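> Heads up: the sequence shown begins at 1 in our numbering, then just goes up one per residue.
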Amino acid sequence: MLDKLGALGIVGLLLTLGGLGVVASQNLILAGGLALVLVGLAVTALGIVRNLLTSLGMGGMV
1 MLDKLGALGI VGLLLTLGGL GVVASQNLIL AGGLALVLVG LAVTALGIVR
51 NLLTSLGMGG MV
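1) From which residue to which residue does the alpha helix (DSSP H) around N51 run?
2) In whole angstroms, what is the alpha-carbon distance linking N51 and L41?
3) Return the CA-CA distance between L56 and A45, expressed in angstroms with no decimal places.
4) Which value, in whole angstroms, describes the spacing of the CA atoms of G60 and G9?
5) For L20, tell me which candidate among A7, L34, V11 has the shortest Cα-Cα distance.
Right under this line is the structure:
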């Protein structure tokens, strides 16, 4: 999975995890909520990309 992200994707993932760690050090419930929001955004983005690629005839790529 990490090879598909590229360098910028890995940096973004590390920044996201670092930000959640900072929030979790202060408030675990808030960090849990933020994690759920981030997962929801990722699933939504995956659905949009998958739908777009399918409509372009490239559905097998995702």
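Cβ atoms here follow ideal geometry from the backbone N, Cα and C, with glycine treated the same way.
None of these values were measured; they are calculated from a predicted model.
The relevant details are as follows:
1) To locate residue 51, count along the sequence shown from 1; it is residue 51. Counting along the chain, the alpha helix (DSSP H) containing N51 begins and ends at 28-55.
2) Position 51 of the sequence shown holds residue 51. Position 41 of the sequence shown holds residue 41. N51 and L41: Cα-Cα distance of roughly 15 Å.
3) Residue mapping note: residue 56 aligns to position 56 of the sequence shown, counting from 1. Residue mapping note: residue 45 aligns to position 45 of the sequence shown, counting from 1. For L56 and A45, the distance between alpha carbons rounds to 17 Å.
4) Here residue 60 is taken as the residue at index 60 of the sequence shown, counted from 1. Here residue 9 is taken as the residue at index 9 of the sequence shown, counted from 1. A straight-line Cα-Cα distance of about 22 Å links G60 and G9.
5) Here residue 20 corresponds to residue number 20 of the sequence shown, with the count starting at 1. It is L34.
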